[in-house]
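Positions in the sequence shown are counted from 1; adding 940 to them yields our numbering. No residue lacks a Cβ here, since even glycine has one placed at the ideal position from N, Cα and C. Note that the structure is a prediction, hence the values are computed from the model and not measured.
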Amino acid sequence: MKKISIMLMALATVVFVACNRGEKTSDNPFFSDYTAPFKVPPFDKIDTTHYMPAFLEGMKQHDAEIQSIINSKEEPTFENTVLAYDKSGLLLTKVANVFFNIAQANTNEQIQAIERKISPMLSKHNDDISMNEKLFSRVKTVYDKRNEMKLDSQQVRVVEKYYRDFVRLGANLPKDKQDSLKKINADLATLSLKFGENLLNENKDFQMVIDNKADLDGLPQSAIDGAAELAKEKKMDGKWIFSISKPSMIPFLQYAKNRALREKIYRAYFMKCDNGDKNDNKEIVIKIANLRVKKAHLLGYNSYAAYVIDDNMAKTPEAVNDFLAKLWEPALKMAKNEVVEMQKIIDKEGGKFKLQPWDWWYYAEKVRKEKYDLDENQLKPYFKLENVRDGMFYVATKLYGITFNKLTNLPIYQSDVEVYEVKEADGKHLAILYMDYYPRETKRTGAWATTFQSAGWRDGKKVDPIVSLVFNSTKPTKDTPSLLTWDDTETLFHEFGHALHFMLSDGKYNRTAGVVPQDYVELPSQFMENYAAEPEVLKVYAKHYKTGEVIPDALIEKIQKSGQFNQGFMVTEILAAAILDMDYHNVTEPNFKNVNEFEKAAMDKIGLIPEILPRYRTTYFSHIWDGGYAAGYYVYTWAEVLDVDAFDAFKQSGDIYKKDLAAKFRKYCLQESGDGEGMDQYRKFRGQDPSIEPLLKKRGLK
């Protein structure tokens, strides 16, 4: 991790000292209503120094609101206790929504310094509220009398959810155990933050510089141009730089003939934060894993997985383990067959080596070309970023009637961010959507969707959502626009599905509006993925960036036929990661000592072949150590059962945009998704339990 300069440290100290004096400056944009159109955050007016005063004032106001609830002389009711709690903390939420999104998408050393300061403070603040004996007593009184209070079904649900939240967060624990839990939570907040910082720095620090043009042999021109542009940014004109961000790395692994360099870049990727240096995450992981076991024990669970999954649709770790096991054997069998196919090509070409992990992408491309007469480079010209974006919008319009209008008069936090107003079919404003496409050193890798403001109701008025979709696609060059791989295309559709969930969610209460179990979260996103490859959708958005030619039927047919290409690898690596996650969090005693030994034992136990690594190795498995998916990485595959089954309903109807089905999906699975338990909401849409058969068929596992 780069050290903070003396100047920045001094600035941070000034900020923190000013904040601790409780100063509330009038020019701080967080302390008044946003005045920009649609009340979006005034990114052009927000300075880094505004965050800490706003956080401190937000916590102060939140504490006062909690005290007001506690000090009420009236008998606890839904309105004066549960609803008042549901409405509390508006300023704190307001600043946190901006700060933590910017910290992920456009950070700097000042923001990282604030993040290190505020994270344990927020942990303490939240714990002090969730373990407040008097507040919990009032909530419990309402909970105990909920069936006598003439509440409607949604009010009852909110009461039950909050009561369960308080119990799960330690409200029922004796004082000494609450103190222990608070200490664990504070330590976890700091450790998770450090894990993410190390990973960001590791991604930023590595670069593979190439100065011999021969080493570029086999690469498509777009990859070469992108590497040249990156070198130019780094003041290395005339050279080429490849990073371990996937838009840069994957094309190199797919096409570069130089096997030694393929190994070099892939080793840098899979050894991230596992090199014994300043960015090493092994000790951090050990501390996090052990603390999570202790936390689970304090809360009455044998393991952290049992604690997490108890709140999900799956309910128990055993149910998750059984589910993963059903898919593991057929996936591994398919992957082994794929190894045989690729080894045959190596041998036929006279290669004197056994297939290794860094060879997979290169020889998989050869298999795709040999079996399906399809090359990724044939596809990319048809997947210009802007065209894919317009294709997603088209699908959303066909399904739900909503429209997207680009705006240029709203403040943005980075120069190449785009903003869209989303409207209902009748022209009524629905949401604002920010789109952030390209990699930068100040942005974490991957893709995600989030909100600057969630949908909801306040003082009888609907609060419209402000949504952000963040991506990392290849940057355009002087001669070539940003062209997406097929995987990128599906990923963009995926994140747009999350964005649609945020935009279409509704509900009177913050606790339930759009709030779903973790293993439901990926249903809306993965449902949208299904549309990307549909022929009638492809013909709308897949147009050659030079000629405007619509993708030909012959190429669409090849995409369809190759739909199960490399599925052994893809399913195996994601299941391996999910199993690794479960193994870490199924442990019942805090005795973790060696990360690499644990990981190897976990993968040996399931027979993972050496040619494949888990999608995320432990030291860069951000989802589970600093991303909120601990004991939850299985949810992608779990939700795939739902999304493929849901899309199958549309396919069986003969119309992938069938209006009545789309209306039901919007109502029950998006808009009212938090109104009932996850599987109940799904059944309201589907009229039956989901079947695993469509998933097995899609993946070629049956």
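What would DSSP say about residue i, mapped onto helix, strand or coil?
{"i": "K1368", "result": "coil"}
{"i": "R1398", "result": "strand"}
{"i": "K1212", "result": "coil"}
{"i": "A1389", "result": "strand"}
{"i": "F1505", "result": "coil"}
{"i": "G1166", "result": "helix"}
{"i": "L1423", "result": "strand"}
{"i": "N1345", "result": "strand"}
{"i": "D906", "result": "Residue numbering for the chain in the displayed model covers 941 to 1642; residue 906 lies beyond these limits and cannot be assessed."}
{"i": "V1307", "result": "helix"}
{"i": "I1150", "result": "strand"}
{"i": "G962", "result": "For G962, the pLDDT reaches just 40, beneath the cut-off of 50, and the residue's location in the model is therefore unreliable, although a value from the coordinates is still provided. Of the three classes helix, strand and coil, the one that applies to G962 here is coil, per DSSP."}
{"i": "V1490", "result": "strand"}
{"i": "K1227", "result": "helix"}
{"i": "K1080", "result": "helix"}
{"i": "K1273", "result": "helix"}
{"i": "V1403", "result": "strand"}
{"i": "K1085", "result": "coil"}
{"i": "K1255", "result": "coil"}
{"i": "M949", "result": "Low local confidence applies: a pLDDT of 27 at M949 is under 50, so the model's placement there is unreliable, and no value is given."}
{"i": "K1134", "result": "helix"}
{"i": "K1637", "result": "helix"}
{"i": "K1479", "result": "helix"}
{"i": "K1027", "result": "helix"}
Given that a residue counts as buried once 16 or more other Cβ atoms are within 10 Å of its Cβ, and exposed if not, what is residue i?
{"i": "G1488", "result": "exposed"}
{"i": "V1280", "result": "exposed"}
{"i": "G1447", "result": "buried"}
{"i": "P1405", "result": "buried"}
{"i": "V1149", "result": "exposed"}
{"i": "R1639", "result": "buried"}
{"i": "G998", "result": "buried"}
{"i": "G1627", "result": "exposed"}
{"i": "G1178", "result": "exposed"}
{"i": "E1462", "result": "buried"}
{"i": "T1661", "result": "With the chain represented from 941 up to 1642, any question about residue 1661 goes unanswered, as that position is not in the structure."}
{"i": "A1214", "result": "Here the sequence assigns Asp to residue 1214, which means Ala is not the residue at that position. Classification of D1214: buried, given that the 10 Å Cβ count is 16 or more."}
{"i": "N1349", "result": "exposed"}
{"i": "E1278", "result": "buried"}
{"i": "N1531", "result": "exposed"}
{"i": "E963", "result": "With a pLDDT of 49 at E963, under the threshold of 50, the modelled position of this residue cannot be trusted, and the question is left open."}
{"i": "D1376", "result": "buried"}
{"i": "Q1194", "result": "buried"}
In the DSSP assignment, find the alpha helix (DSSP H) that holds residue i and state where it starts and stops.
{"i": "A1586", "result": "1575-1593"}
{"i": "T1429", "result": "1426-1444"}
{"i": "L1193", "result": "1186-1195"}
{"i": "V1357", "result": "Counting along the chain, V1357 falls outside any alpha helix (DSSP H), and DSSP gives it neither H nor E."}
{"i": "L1409", "result": "Where L1409 is concerned, there is no enclosing alpha helix (DSSP H), although the beta strand (DSSP E) it sits in stretches over 1406-1410."}
{"i": "M992", "result": "991-1010"}
{"i": "R1451", "result": "Premise fails: R1451 is in no alpha helix (DSSP H) and is neither H nor E."}
{"i": "H1065", "result": "1049-1070"}
Rounded to whole angstroms, what is the Cα-Cα separation between residue i and residue j?
{"i": "M1443", "j": "A1395", "result": "7 Å"}
{"i": "P1321", "j": "K1486", "result": "8 Å"}
{"i": "A1259", "j": "M1176", "result": "53 Å"}
{"i": "T1130", "j": "D1595", "result": "50 Å"}
{"i": "E1015", "j": "N1087", "result": "16 Å"}
{"i": "A1602", "j": "K1346", "result": "25 Å"}
{"i": "E1430", "j": "M1189", "result": "18 Å"}
{"i": "N1536", "j": "K1204", "result": "20 Å"}
{"i": "K1479", "j": "I1514", "result": "30 Å"}
{"i": "I1564", "j": "P1257", "result": "16 Å"}
{"i": "F1106", "j": "T1033", "result": "19 Å"}
{"i": "V1410", "j": "K1013", "result": "47 Å"}
{"i": "L1635", "j": "I1054", "result": "44 Å"}
Quick one: give me the first and last residue of the beta strand (DSSP E) that residue i is part of.
{"i": "F1182", "result": "1180-1182"}
Inset, instruction - Spell out a yes or no on whether the stretch 1240-1256 and the stretch 1584-1599 are touching, meaning 3 or more CB-CB pairs, one atom from each, closer than 8 Å. - result: no
Legend entry - Three-pair Cβ contact test at 8 Å for the stretch 1331-1339 versus the stretch 1469-1487: yes
Legend entry - Cβ contact (3+ pairs, closer than 8 Å) linking the stretch 1202-1210 and the stretch 1499-1514: no
Legend entry - contact_flag[the stretch 1059-1073, the stretch 1116-1124] where n(CB pairs < 8 Å) is 3 or more: yes
Inset, instruction - Would you check if there are 3 or more beta carbon pairs closer than 8 Å linking the stretch 1497-1507 to the stretch 1517-1530? - result: no
Legend entry - At least three beta-carbon pairs within less than 8 Å, the stretch 1018-1027 to the stretch 1366-1378: no
Inset, instruction - Flag this pair as touching only if the stretch 1035-1047 and the stretch 982-999 have three or more C-beta atom pairs under 8 Å; answer yes or no. - result: yes
Legend entry - Three CB pairs or more closer than 8 Å across the stretch 1567-1586 and the stretch 1611-1631: yes
Inset, instruction - Pair every Cβ in the stretch 1283-1299 with every Cβ in the stretch 1548-1562, then say whether three or more of these pairs are closer than 8 Å. - result: yes
Legend entry - Cβ contact check for the stretch 1128-1145 and the stretch 1220-1230: 3 or more pairs under 8 Å: yes
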